[in-house]
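To convert, count from 1 in the sequence shown and add 172; that's our numbering. Idealized CB from N, CA, C, for every residue including glycine. Keep in mind it's a predicted model, so treat the numbers as computed, not measured. Contents: one structure, followed by commentary.
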Amino acid sequence: MTADTAEEDVTDAADATARFVERFAAEMTAAGMQRMASRVFAALLSSEAASMTSAELAERLQISPAAVSGAVRYLSQVDMVSRERDPGTRRDLYVLHNELWYETFTRRDQVLTRWEKLLREGADTLGPDTAAGARVAETAEFFAFLHGEMAGIMDRWRARKDAERAGGTS
Numbered sequence: 173m174t175a176d177t178a179e180e181d182v183t184d185a186a187d188a189t190a191r192f193v194e195r196f197a198a199e200m201t202a203a204g205m206q207r208m209a210s211r212v213f214a215a216l217l218s219s220e221a222a223s224m225t226s227a228e229l230a231e232r233l234q235i236s237p238a239a240v241s242g243a244v245r246y247l248s249q250v251d252m253v254s255r256e257r258d259p260g261t262r263r264d265l266y267v268l269h270n271e272l273w274y275e276t277f278t279r280r281d282q283v284l285t286r287w288e289k290l291l292r293e294g295a296d297t298l299g300p301d302t303a304a305g306a307r308v309a310e311t312a313e314f315f316a317f318l319h320g321e322m323a324g325i326m327d328r329w330r331a332r333k334d335a336e337r338a339g340g341t342s
């Protein structure tokens, strides 16, 4: 392998990664996340260390430091990233949380529980014999169903990861 071939391979890999970041970010944006936060999140997710400095993010995504700052602020508020000091420097590192999806869905499950409770109160207020009361009660029932299913899913996921860590497979 020549130096030129190795350089082309690195460039091809970087281009493929950039395309993945943009495609995944577009999907997250379509699902409701802020565009720049989606791009920063996808860049962190696809980085080897799951962490980058503001300058690295700006360079990788070809965006301004202000855009990185705004995106990181949003991602921090929704507990998807945290800020840490880059050891031996004065720079901040933006780091994906461990078990990000597990934690995100666990928090979402807590939201479903709160919504279910509020919807049940609303159904009682509106009256079970009204169309609005029945609709709100069915919505509460749906969230209760999701809550129960989500708990089982999360338990199975935790068991699977524990088995993998113990050397088993799933």
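Inter-residue spacing [alpha-carbon to alpha-carbon] between residue i and residue j
i, j, result
"Arg191", "Glu293", "47 Å"
"Ala186", "Ala338", "34 Å"
"Met252", "Arg280", "13 Å"
"Glu288", "Thr297", "14 Å"
"Thr261", "Glu228", "14 Å"
"Asp327", "Glu321", "10 Å"
"Met205", "Arg211", "10 Å"
"Gln346", "Trp329", "For the chain, the structure presents residues 173 to 342; residue 346 sits outside this window and is missing."
"Met208", "Leu272", "19 Å"
"Phe196", "Leu284", "26 Å"
"Gly242", "Gly324", "36 Å"
"Asp334", "Ala316", "27 Å"
"Ala303", "Ala295", "10 Å"
"Glu220", "Pro259", "17 Å"
"Leu318", "Thr183", "44 Å"
"Ile235", "Ala203", "22 Å"
Residues bridged to residue i [DSSP beta-bridge criterion]
i, result
"Met224", "Tyr266"
"Glu256", "Leu265"
Close beta carbons around residue i, own chain, < 8 Å, minus the five adjacent residues each side
i, result
"Pro300", "Ala306, Ala309"
"Ser248", "Ser254, Arg255"
"Glu275", "Asp251, His269"
Cβ-based neighbour list, residue i, same chain, cut-off 6 Å, excluding 5 preceding and 5 following
i, result
"Arg232", "Ala215"
"Met200", "Ser210"
7 Å CB neighbourhood of residue i in its chain, flanking five on each side removed
i, result
"Arg263", "Thr225"
"Val267", "Ala222, Ser223, Val253, Ser254, Glu256"
"Ser218", "Thr189, Phe192, Val193"
"Thr278", "Met326"
"Tyr246", "Gln206, Ala209"
"Thr230", "First, the amino acid is wrong: residue 230 is Ala here, not Thr. The answer, listed in chain order, is Ser236, Pro237, Val240."
"Ala312", "Glu288, Leu291, Arg292, Ala295"
Complete beta strand (DSSP E) runs within the segment 184-226 (minimum length 3 residues, chain order) = 223-225
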